[in-house]
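Taking it in order: structure first as structure tokens, then the write-up.
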Amino acid sequence: MAGPVHYEVFIRKTAPAPWALLMATESRNHAIEAAEDILNDNRAAAVRVTKETLDAETMEFSSLTVLTKGAPEVRQKRVIPDDEVGPRCTGIQDFYAPHARELIGRVLEDWLIRRGVTAFELLHRPDLAEVLEASGVELQHAVQKVAVPESQAVGQPVHELIRHYQKLADSVIERLVAAGRAQRFPTLEGRSLADLAHRLAGTSDRAFIMGGVVSGALAGLKTPRTRLDRMMDLAEAAPLDGPPRAIVMVAIEQILCEMMAQRTSLADILGPSLDQGASLAAVVRMVAPAEIEALIARDHRLRLLVPTIEGPARRLGERLQAGEYPLLSAVLARMVLRELRSPRRLRPADPEGEIDILRALAMTLTATAGRLLTLEEVQDAFIERSKSLITADFVAAFVKPCSTVMCEAEHLMRLCENVTGTANKRSAARWLHACLSSLRFETEMRRSELPPGQVLATLAGLQRAAGKVELSDSDEGQICEALGKVGASVEASARLIDQMVRAPVPVPHKLQVLLRLAAGETGPRGPVTERARAEALKLLRHPKVRAELGSTPAALEPIRELMRTVGLAA
93 MAGPVHYEVF
103 IRKTAPAPWA
113 LLMATESRNH
123 AIEAAEDILN
133 DNRAAAVRVT
143 KETLDAETME
153 FSSLTVLTKG
163 APEVRQKRVI
173 PDDEVGPRCT
183 GIQDFYAPHA
193 RELIGRVLED
203 WLIRRGVTAF
213 ELLHRPDLAE
223 VLEASGVELQ
233 HAVQKVAVPE
243 SQAVGQPVHE
253 LIRHYQKLAD
263 SVIERLVAAG
273 RAQRFPTLEG
283 RSLADLAHRL
293 AGTSDRAFIM
303 GGVVSGALAG
313 LKTPRTRLDR
323 MMDLAEAAPL
333 DGPPRAIVMV
343 AIEQILCEMM
353 AQRTSLADIL
363 GPSLDQGASL
373 AAVVRMVAPA
383 EIEALIARDH
393 RLRLLVPTIE
403 GPARRLGERL
413 QAGEYPLLSA
423 VLARMVLREL
433 RSPRRLRPAD
443 PEGEIDILRA
453 LAMTLTATAG
463 RLLTLEEVQD
473 AFIERSKSLI
483 TADFVAAFVK
493 PCSTVMCEAE
503 HLMRLCENVT
513 GTANKRSAAR
523 WLHACLSSLR
533 FETEMRRSEL
543 PPGQVLATLA
553 GLQRAAGKVE
563 LSDSDEGQIC
573 EALGKVGASV
583 EASARLIDQM
593 VRAPVPVPHK
603 LQVLLRLAAG
613 ETGPRGPVTE
623 RARAEALKLL
633 RHPKVRAELG
643 STPAALEPIR
653 ELMRTVGLAA
């Protein structure tokens, strides 16, 4: 078991019994033979052999089933706890709980979007309740969408659950319509919202009535932008502090959370011209405007990537920065993480722009980490997003504008720099190594119109860039080795070092050129640097050269510095 791969043998003594580890070995044949012998001797009802491979980077084992024989596993029936028996909603008030409103928003999503309202408003506006009841089919389908999955989960007859939820929904609608007819939801025409909140404070149904007041104030407003503007007006008209202010703010925040959860709402509030990446950046700026402004002041490139927020969105951002609506801030932050984890492209037609906006999002979210999200959550989201950057489709689109293979190599180096996660870095490094080790790359470098010395300097620059993108030692070594081989081919074809040695220039200048090449400053490390080092050492050992250097002390000091860099005795 000292090696990175071993095999484990599991047995089940009886069909219902769980799997138990019997032995582990590094021999595949030994593991399979042992498992078959156990089964043939009736010492177990079933056997299984798995191959366990150790990942040297994460030090975790990945398992692969090699053999399974014997009686099939007996599926255990799920034991339903007593508190899960029966419908999950048993009374009218259960409909107003956050998880119930979320479920209502899902099953009636199309209906709510068509009318430009949220589930909270549906539960607090008599006119909407009457329209839904009159539709008949919409309400019936919503009840079925809730009852059928719940029936499968708790094992209760589906028809009983449908009848139960239909009756409960009728009761909720009846109560809401009766409250509307009794004019329990006062309008704000000629009334102060602050005075109304003070009068409601301390009453038993204050949340229900204030929800109806706030929802009624949004009636007739269809677009999310105008609705948000209206809610910010209501927030300004709310009491300054105490329970009366909380009554108003809680109702506004619940509507905002449900409204912002809809993608169509964000597009209208932030601007339809923004793509998905810019919208996410704008959301981060809205949630934490002070942190983002400070970040933009230090890095002006962000000003071009993070859109400004104006109008109602800016008003909301100021309140979020002041610490109001913490639940909404958390909802928006989670929404950004959810979009980052999704496979949806942020800028489908612009791969390079997608990397730019991802860098901006990484900087802005990291700057706000600790207030809304943990740094670990942000890192995990970008590791998941990086998986979409190393797919064949994205890489092909990313390098498509390149007319030369050197341009492709530079793009792939940038890709390595911008992906995160050990596995993603390794995959990006494979793309880069495949490019650098290709015959096309070597041919283009040898036939380049640029002088050979400039080509070598470019290859050295790629080597230095590879050392800065945080690749694993093995991946970085393979990439540097590939660049070194190409550099050796270019140098051998041009006989550049021979020309340097024979050049009719002063010895100090000749030594500086060779030592800079040997140090990897003007050429890629590998065969080229080793040959340059050998030629420099040969020159330094020549008596005439040593005498000439001794006669010019001023030229000797820079040569000594280069010799220390190369590892030669000064």
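Counting with my numbering, you get residues 93 to 662 for the letters of the sequence shown. Glycine is no exception: its CB is placed at the ideal position from the N, C-alpha and C atoms.
1. Counting only runs of 4+ residues fully inside the segment 587-647, write out the alpha helix (DSSP H) ranges in chain order.
2. For the segment 365-384 against the segment 327-336, are there 3 or more C-beta pairs whose distance is under 8 Å?
3. Is it right to say L531 is buried, meaning 16 or more other beta carbons lie within 10 angstroms of its own, or is it exposed?
4. Which whole runs of the alpha helix (DSSP H) in the segment 194-272 are 4 residues long or more, in chain order?
5. Looking only at its chain, what residues have a beta carbon closer than 7 Å to the beta carbon of T106, apart from the 5 residues adjacent to it on each side?
6. Taking the continuous alpha helix (DSSP H) assigned at V491, which residues delimit it?
7. Ends of the beta strand (DSSP E) at V113?
8. Round the Cβ separation of K143 and V97 to the nearest angstrom and send it over; I've been treating them as touching at under 8 Å.
9. For the segment 445-457 against the segment 473-486, are there 3 or more C-beta pairs whose distance is under 8 Å?
10. Determine which residues share a DSSP beta bridge with Y417 and list them.
11. In terms of residues, what are the limits of the beta strand (DSSP E) holding F153?
12. To the nearest angstrom, how far is it from the Cα of R407 to the Cα of A343?
13. Could you tell me the alpha carbon to alpha carbon distance between V223 and A112, rounded to whole angstroms?
14. Taking the C-alpha atoms as reference points, what is the distance between E176 and I184?
15. First and last residue of the beta strand (DSSP E) that includes E100?
16. If you follow the alpha helix (DSSP H) that V340 is in, where does it begin and where does it stop?
17. Quick check on DSSP: helix, strand or coil for A138?
18. Are the CB atoms of M505 and A584 within a distance shorter than 8 Å?
19. Counting pairs of Cβ atoms below 8 Å between the segment 212-219 and the segment 292-304, do you hit three or more?
20. Can you tell me whether G409 is buried or exposed, with buried defined as 16 or more other CB within 10 angstroms of its CB?
21. For L419, which of V238, P190, E573 has the nearest alpha-carbon?
22. Who are the near neighbours of P110 in its chain, counting only those whose CB is closer than 6 Å to its CB and skipping five residues on each side?
23. In this structure, what does DSSP give as the bridge partners for E144?
24. If you drop the 5 nearest sequence neighbours on each side, which residues of the same chain put their C-beta closer than 8 Å to that of E165?
25. Between V593, G618, T456, which lies nearest to H634 when the distance is taken from Cα to Cα?
26. DSSP on A584, reduced to helix/strand/coil?
27. By the three-class DSSP mapping on this structure, what secondary structure does R180 have?
28. Among the residues of its own chain, which have a CB less than 8 Å from the CB of K602, if the five just before and after it don't count?
29. Rounded to a whole number of angstroms, what is the C-alpha to C-alpha distance between L588 and M151?
30. Is it buried or exposed for T295, if we count other Cβ within 10 angstroms and need 16 for buried?
31. Cβ atoms of P316 and D367: under 8 Å apart, would you say?
32. Buried or exposed for I172, please, with buried defined as at least 16 other CB atoms from any protein chain shown within 10 angstroms of its CB.
33. Across the segment 458-465 and the segment 380-395, are there enough close Cβ pairs to call them in contact, namely three or more that are closer than 8 Å?
34. Among the residues of its own chain, which have a CB less than 6 Å from the CB of E465, if the five just before and after it don't count?
35. Does the segment 527-545 come into contact with the segment 559-567, if we say contact requires no fewer than three beta-carbon pairs (one atom in each stretch) closer than 8 Å?
For this structure:
1. 588-594, 599-610, 619-632, 635-643
2. no
3. exposed
4. 201-207, 211-214, 218-227, 229-246
5. A137
6. 484-491
7. Looking at the sequence provided, one finds Leu at residue 113 rather than Val. That run of the beta strand (DSSP E) goes 112-117.
8. 7 Å
9. yes
10. Y417 is not bridged to any residue.
11. Here the beta strand (DSSP E) through F153 covers 153-162.
12. So the alpha carbons of these two residues sit roughly 18 Å apart.
13. 60 Å
14. Low confidence applies here, because E176 scores a pLDDT of 49, under 50, leaving its location unreliable and the question unanswered by this model.
15. 97-104
16. It spans 334-352 - the alpha helix (DSSP H) in which V340 sits, taken as one unbroken run.
17. strand
18. no
19. Put simply, the segment 212-219 touches the segment 292-304. At least three CB pairs are less than 8 Å apart.
20. buried
21. P190
22. none
23. H98, S155
24. Excluding sequence neighbours, E165 sits near R104, A107, A138.
25. V593
26. helix
27. coil
28. M592, V593, A595, L631
29. 46 Å
30. So T295 counts as exposed.
31. Going by C-beta atoms, D367 is not nearer than 8 Å to P316.
32. At I172, the pLDDT of 47 sits below 50, so the modelled position is not reliable; the number obtained from the coordinates is stated separately. Looking at its Cβ environment, which holds fewer than 16 other Cβ atoms inside 10 Å, I172 is exposed.
33. yes
34. One detail in the question is off: residue 465 reads as Leu in this sequence, not Glu. Taken in chain order, the residues that qualify are A425.
35. no
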